[in-house]
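Protein chains in written order, with this note's numbering: chain A, 23 to 449; chain B, 23 to 449; chain C, 701 to 974; chain D, 701 to 974; chain E, 7 to 337.
Just so it is clear, CB atoms sit at the ideal spot from N, CA and C, and this is done for glycine as well.
Just so we're clear, the structure is a prediction, and the values are computed from it rather than from any experiment.
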Amino acid sequence: MTTPVKGSPSEVVAVQDPAALPADLQDERLIASRGIGGAWAAFVSKMRSGDLGSIPVVIGLIIIWGVLQASNGSFLSSRNLVNLTLQSAALGTIALGIVLVLLLGEIDLSVGSVSGLSSAIMAVTFVNQDWPIALAILGAVAVGVLIGVFYGALYTRFGVPSFVITLAGLLGFLGLQLLVLGKDGSLNLPFDSALVGFAQRSFLPTPLAYGLVVAIVAVYVLSRIRARGGRIKAGLSASPNSIILLKAALLFAVLIVPVIVLSQDRGVSTMFVFFLALVVVMDFAIRKTRWGRSVVAVGGNVEAARRAGINVRGIYLSVFALCSTLAAVGGLLAASRLAAVNQSSGGTDWNLNAIAAAVIGGTSLFGGRGSAYSALLGALVIQSITNGLALLSLDSSVRYMVTAAVLLLAVTIDSLSRRTRVASGRA
Amino acid sequence: MTTPVKGSPSEVVAVQDPAALPADLQDERLIASRGIGGAWAAFVSKMRSGDLGSIPVVIGLIIIWGVLQASNGSFLSSRNLVNLTLQSAALGTIALGIVLVLLLGEIDLSVGSVSGLSSAIMAVTFVNQDWPIALAILGAVAVGVLIGVFYGALYTRFGVPSFVITLAGLLGFLGLQLLVLGKDGSLNLPFDSALVGFAQRSFLPTPLAYGLVVAIVAVYVLSRIRARGGRIKAGLSASPNSIILLKAALLFAVLIVPVIVLSQDRGVSTMFVFFLALVVVMDFAIRKTRWGRSVVAVGGNVEAARRAGINVRGIYLSVFALCSTLAAVGGLLAASRLAAVNQSSGGTDWNLNAIAAAVIGGTSLFGGRGSAYSALLGALVIQSITNGLALLSLDSSVRYMVTAAVLLLAVTIDSLSRRTRVASGRA
Amino acid sequence: MSVTPSPVATGTVLSLQGISKRFGAVQALKNVDLDVRAGEVLALVGDNGAGKSTLVKTIAGVYTPDDGTVTFDGREVHVTSPAEAQKLGIATVFQDLALCDNLDVVANLFLGRELRRGRVLDEIEMERTSWELLKQLSAKIPSVRIPVASLSGGQRQTVAIARSLLGEPKVVMLDEPTAALGVAQTAEVLNLVERLRERGHGVILISHNMADVMAVADRVAVLRLGRNNGVFNVAETSSQDIIAAITGATDNAVSERAARRVQDKISSTEGLES
Amino acid sequence: MSVTPSPVATGTVLSLQGISKRFGAVQALKNVDLDVRAGEVLALVGDNGAGKSTLVKTIAGVYTPDDGTVTFDGREVHVTSPAEAQKLGIATVFQDLALCDNLDVVANLFLGRELRRGRVLDEIEMERTSWELLKQLSAKIPSVRIPVASLSGGQRQTVAIARSLLGEPKVVMLDEPTAALGVAQTAEVLNLVERLRERGHGVILISHNMADVMAVADRVAVLRLGRNNGVFNVAETSSQDIIAAITGATDNAVSERAARRVQDKISSTEGLES
Amino acid sequence: SDEPAAGGGGAEGKKIALLLPESKTARYEALDRPLFEAALKASCPSCEVIYSNADQDAAKQQQQAEAALTQGANVLVLDPVDGKAAASVVNSAKGQNVPVVAYDRFIEGANYYVSFQNEAVGKLQAQTLVDILKNAGKTSGNIAMINGSPTDPNAAQFKAGAHSVLDGSGFKIAAEFDTPDWSPDKAQSWMEGQLSAIKSGLVGVYAANDGTAGGAIAALKGGGVNPLPPVTGQDAELAGIQRIVSGDQAMTIYKAVKPQAEDAVKAALALANGDKPEAKTEVQGVPSTLLDPIAVTKANIADTVVKDGIYKVSDICTANFATACAAAGLK
Ligand SMILES: Nc1ncnc2c1ncn2[C@@H]1O[C@H](COP(=O)(O)OP(=O)(O)OP(=O)(O)O)[C@@H](O)[C@H]1O
Ligand SMILES: Nc1ncnc2c1ncn2[C@@H]1O[C@H](COP(=O)(O)OP(=O)(O)OP(=O)(O)O)[C@@H](O)[C@H]1O
Ligand SMILES: [Mg+2]
Ligand SMILES: [Mg+2]
């Protein structure tokens, strides 16, 4: 028989004075972490538990860069890095749209065809029909919007799986692209047109680039300090100023180093800055607006979102529309960079690469988990590999195999760090 | 104020005598359906609630056939239908593997490359190295198995998403294929080799074909009658003999009509029968074995499967291995039919088509729902479209668009019928 | 069939007539009537699978009934989506909770009605309010910034209940709200139900716990195998009667168990000591 | 800290020492001890988020503890997967049920231990057994051939419980098994627990329902905020004491509510009559 | 199906199948198909063309050939995706006594072959490049090679032809790239990389077709290379011709499709009537007509593509190219 021991609660648990703590730190099971030391401890613990966000992808990217630099000394040259930024913008823009549909748990296989079609329309109207460039661009982007709305309508009205809708789109819009290009097939965009100039020769003046970096860091610090004030006022915990400054310094370093390096060659490409701006805006839209919250909710659990009164159809429609629009924009960027449009613009490779970029960047294929930054990181990973291997003059058979190996390497690092989370049973 | 009314239960619900009914029909909420009339009523109700299995896809297929026959009278000729069976076997075999990975909720983007690689290995060993044909085939298939095991190991050890693993596989094995083919690039398989004969010229003797049909129907009836006896003995409801006979008659019709039609030309292709046998075996494995049950469970809810003590790693490993193996086999079929292997064997189209076939056939991309027969149906849909449009002398641009439209049409019928289920809130 | 005094009595906010719902071969609801009045707690009880949750989901716009009419505030309404039900003023805590596992507690609490400053989410204010709401319910949630997937069963339920406290509904439906809750949290939820009644809301409470039902409900409607099986006034009924209506028999596992209990207790203690 | 007589007392089948488990910044379990004996029902109680389910999952091999040892049948074991736990003879009904929504009731019941004839699944025998099991639990499930996704909350729970009746486990862990069950089904499950005890199994029962706990448990172990907070002998304790140990205070929402109840009842009746 | 080649007489009511390999190059559907149909209409008004395009997929082409045979085609005019793999198509056509005309690419066992040989095209490209360089007084330096798709058997033949000239030319092949899918943007990315890898002395670029040439030129211009080294091409795409006019591209290969199509029609009709087609030469036992590919440079645009009516001067000389056209004397 047991001897019953009645636990005396006040003895058992050493209670801290709860009133002294902010509302969100009062639970005694929380492992305390305060100040810079605490932040470091929290970071290490996050690291252990595999909850690292994009850090593993960044590490993968750094390793890839190291390997490629080791095999060919020109890889990390300023000139080549400028090329890399130019090469990543179009793919990244398309991948950004893919991130959105993946967040919803859907897919778009047709971004390549849509980008090809939009560039074909732009080229034909601009070059052959002599439309003003702005109108031609607008028309091409509008077609992207329409396509997305069409997808969204098919999806929400008839419930056709997005895989099939966009597979049909992949074929259908490829056909339309061929039709639009007609018998000439291939069109040059004049090298001195604004679009080609924007994509090939437009770089931020160095002082402006530096100024931008300073401005961004300043905005970051200010918004953080304001948030801190708000949190303290609301009785919530707030990160100390020291951590804010540390993070700001880190941000500054991450921004200033590339600017310095790139400025040694042509500089920071305007097209790349345009893409970065898209990423930042989209990140803001996903994390800080009601629309973005709804997108993530629908991706996590459609039924729960529906029951919460979210206009699920509207969300699907807007996301498909945005994805196709971004694909159209990406197509225009790619065409401007190439200064030509032909039947193979936006071939099937673009689809796979755009989806791969989003996934490599850390966006889940199953919905509800991802970030706009994964488009940036994923596009950089993919283009770094292509770019780096192009420097090596390998046989194409070897090139394919090396690409595969490097890709796998980059993602395995990420996956290994995530594994603990999956193994925890509720992921 | 309410007047309290105490419900007297025995008055309220008209209880049938439960003892008189089989154990699975005793619940009074079940809407009774007995005899042929009852079966019909149950069918209509299923139809309404959108729970129709593959019937909508079949309807879609029939509509496509009608449209194609209307546009070109040769489409439903015996000769063309024999071609269609020959054309569907390889794609169907590959799609069968895809059905398995999709059931798990995973994906394999590399089936095209794997099929290309396996055919390249077979061709090089058989033609260039003069290996006996059986050994060459075995070697090629073994490579498929190895690749699948490699995928499975990567997936289960490191948790790399299958999308990325197989994307790397798509590139890596394409590279290997180019390497294996060497600088010759393209290899012909001798027309008089057994393999080419099997794929191009081997047809079931007509009496054998008829005999097979009779045998299948007989096996069906016997197994049904045996199951009926078992169910009655176990005190469960059993379909009356009339329904069994009706279904057998239906099965007979479904089997005999194609045999009659095909026999008017070359007959029933042995390769197609081989593919059908694969489908039937796989269907049996999925529905009637512990392994298949585990696959579906893992696809539905990995964590639940793990907690039920299922060897989840083993399941992943076996499914990836089977998928790659079937891809390798499909590659061999495709190569034998073409009697040649080159660098573009198993190009990217194969991946997309195989996945599309599985999805069009009704297998969910999200795991846990699907059937081996969707590989058959999906491959038939896709190849009917390609085959039918090839009869129409269309420009590529128009052909692409028509393909897209027809594809969408076929799947929309299926989706519309499924919609009610989704709308019910728990799907 | 239960006979309620008149379909739309004074003060009746929500009234259902002849609701039927069929799923495939299963008739989940058959001809169900129900009235809820303002300032009243109506308990909806019934055996497992009796159709309680189906009824709640039908009212909440998750399902559309095959048959029957819904009258809300005197007008016949056709609720075809949960958003419409919310607009009418019907708040629901579903049995299957319907939370987005990938979102954190704050995001789930405010899903669909996020607080904003301009167009931007006001995370600070939402977090503050969340802590307040959760404290009201005695919730023991260590952090509101972790995804709800990592919460315990009771914590998840608390989050779902807290959701319904936002907004100003006319009718609140709680589908087994205390099933996973601890004793303290259960008490708080019952308090909450009483507060809702005091504020003049109509409350539909589904529960298998007769003690709770008898404690807070004014009337009890019983469903059995998808049909009405009586409406009882709590003040004038014993829980035995209600259990009999639920199970459809007066001698059942519950009463048998109650009878056997004393007997058992003795023998099992003997067993332990031997 | 609770003081149990000796770590491996005679008859102890399962014994935990110093189990700790941390999730990110949350310390879910800290230094928890627990003993379960054969032929005993040990109730594990605690507030929401106290760590009960985490403890159960740790024993069942779903989680691996950060620290501490598990002794089963006198041997120290390292259970790293649910399959291993099952092989040891530990059967578990999880709070989150862990059913495959896409499979039907029969498939879920027999998942991982399907009956076969040769290599082929014996669907008929499985279906027959399913009906038997479900009848034992008074389940009201219209058909065992529909996917469990379409079952009601209580029906799903019944399926999960019925699973644990298959096989011949030494220890059965039931994590809030009656939360969603109707009164009749609850009674059957409690009967079942008693039958398990009689057959000499060790049973760990998690429940928030003090009445049920007092009715079937021999001992009650209390967890509070992830730590041991006492072990009580049911025969010698009142449920008030246990509730005090759970909530960590003698005056709490429960007792306040109990005190207020009479008062409330009167005023609310008055309110209705006005 | 009916007995196709049996019986002499006229070619009335014959069905001729035209099976082309891909749609990503404008020439096939913009030129080959209409020219072929026009030529057939001219010599046999009652004949019918069955047309298919295989999208660069040998299996699909086999399927399309089968479809043509199903419809009772009397002759297959086959431009194979893969000349070797097409043996299977020839085999099944022969099985039904349907003769095959190999169009553009050689097929073993065909009844007739009309083509600009792929290797000759590669040689001509390379030779023109070397000539241009030598004319400019360069005898050594680096050449970058942008070949066609590694999965396209025909690309390997262009490559082999080009190598046979370049390898002994005194110029160094500094780097070489097989462009996946002939994709211009991949060619562009690669060329950009080479601009940092090949530090100096890039004197010329061999690009296998006009698309990849466009990519290479975009990379060179974007990389600020001035003056541009000569870049080769193939297909005489309008965009390529325009780049030649503006001086960005040095040359392209023009294959006079019209005589090729007419020759194929003539041979097909002869075969349909059971006659032997006329042929000047034989390739591996197949009666053949080998046409000469023409290198187009700024100097001979007017005498080639314009003269043959492929493009009108107004097509080429759009607003953007007006001044360049004037300078080149195109009007
Ligand atoms: N989406 C659905 N598809 C098919 N059947 C369903 C569906 N939803 C409910 N049912 C069936 O309807 C019946 C009633 O289910 P419901 O969930 O309403 O029961 P309940 O009264 O809430 O039971 P519980 O007390 O167990 O929660 C059950 O038999 C269930 O199987
Ligand atoms: N996978 C996980 N990731 C992160 N935190 C978790 C995880 N599982 C449990 N927790 C946390 O651990 C604590 C204990 O959870 P647990 O589920 O064990 O509680 P419980 O005692 O079962 O509560 P309830 O009575 O509500 O079921 C909770 O605060 C919960 O948030
Ligand atoms: Mg319910
Ligand atoms: Mg729990």
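Within-7 Å CB hit, residue i to chain C
i, result
"residue 52(B)", "yes"
"residue 299(A)", "no"
N- and C-terminal bounds of the alpha helix (DSSP H) containing residue i
i, result
"residue 375(A)", "370-382"
"residue 238(E)", "That residue, residue 238(E), is in no alpha helix (DSSP H); it is neither H nor E in DSSP."
"residue 942(D)", "939-947"
"residue 306(A)", "292-310"
"residue 836(D)", "823-836"
Min CB distance residue i to chain A below 7 Å
i, result
"residue 434(B)", "yes"
"residue 782(C)", "yes"
Within-7 Å CB hit, residue i to chain D
i, result
"residue 842(C)", "yes"
"residue 179(B)", "no"
is_contact[residue i, chain E] using C-beta, thresh 7 Å
i, result
"residue 101(B)", "yes"
Ligand 5 heavy atom lying under 6 Å from the CB of residue i
i, result
"residue 752(C)", "The model depicted lacks ligand 5 and carries ligand 1, ligand 2, ligand 3 and ligand 4 instead."
Terminal residues of the beta strand (DSSP E) in which residue i lies
i, result
"residue 82(E)", "81-84"
"residue 259(B)", "Where residue 259(B) is concerned, there is no enclosing beta strand (DSSP E), given that its DSSP letter is neither H nor E."
"residue 735(D)", "726-737"
"residue 930(C)", "927-933"
"residue 768(D)", "767-772"
"residue 34(E)", "Where residue 34(E) is concerned, there is no enclosing beta strand (DSSP E), given that its DSSP letter is neither H nor E."
Residue-chain proximity (residue i, chain B), Cβ-Cβ < 7 Å
i, result
"residue 738(C)", "no"
"residue 802(D)", "yes"
**OP:** Could I get the ranges of all uninterrupted alpha helix (DSSP H) runs contained in the region 869-925 of chain D, with 4 residues as the minimum, in chain order?
**Re:** Correct list: 883-898 and 910-916.
**OP:** May I ask you to verify whether the region 904-921 of chain D touches the region 813-828 of chain D, counting CB pairs closer than 8 Å and requiring at least 3?
**Re:** Too few Cβ pairs lie closer than 8 Å, so no.
Original post:
If you scan the region 217-291 of chain E from start to end, which runs of the alpha helix (DSSP H) of 4 or more residues do you find wholly inside it?
Top reply: You should have 244-252 and 263-278.
Original post:
At which residue ranges does the region 199-262 of chain B contain complete alpha helix (DSSP H) runs of 4 or more residues, listed in the order of the chain?
Top reply: Runs of the alpha helix (DSSP H) inside the region 199-262 of chain B: 228-255.
Original post:
Any contact of the region 828-837 of chain C with the region 870-889 of chain C, i.e. 3+ C-beta pairs under 8 Å?
Top reply: Because the criterion of three Cβ pairs below 8 Å is met, the region 828-837 of chain C and the region 870-889 of chain C touch.
Subject >> At least 3 beta-carbon pairs within less than 8 Å: the region 257-273 of chain A vs the region 355-364 of chain A >> reply: At 8 Å Cβ cutoff, the stretches do not touch.
Subject >> Positions along the region 870-892 of chain D whose CB lies within less than 9 Å of some CB in chain C >> reply: Answer in chain order: 875, 876, 878, 879, 880, 881, 882, 883, 884, 885, 886, 887, 888, 890 and 891.
**OP:** Report yes or no: do three or more beta-carbon pairs, one from the region 804-813 of chain C and one from the region 855-862 of chain C, lie closer than 8 Å?
**Re:** Cβ pair count under 8 Å is three or more, so yes.
Original post:
Can you list, in chain order, the residues of the region 246-262 of chain E whose Cβ is nearer than 7 Å to any Cβ on chain A?
Top reply: Result list: 248 and 249.
Subject >> the region 383-393 of chain B touching the region 211-229 of chain B, judged by at least three CB pairs closer than 8 Å >> reply: Using a Cβ-Cβ distance cut-off of 8 Å, the region 383-393 of chain B and the region 211-229 of chain B are not in contact, since fewer than three pairs of beta carbons, one from each stretch, lie closer than that value.
Subject >> Cβ-based contacts, 8 Å cut-off: residues of the region 767-791 of chain D near chain A >> reply: Per Cβ criterion, the list is empty.
Original post:
Touching or not, the region 191-204 of chain E and the region 159-172 of chain E, by the rule of three or more beta carbon pairs under 8 Å?
Top reply: No, the region 191-204 of chain E does not touch the region 159-172 of chain E.
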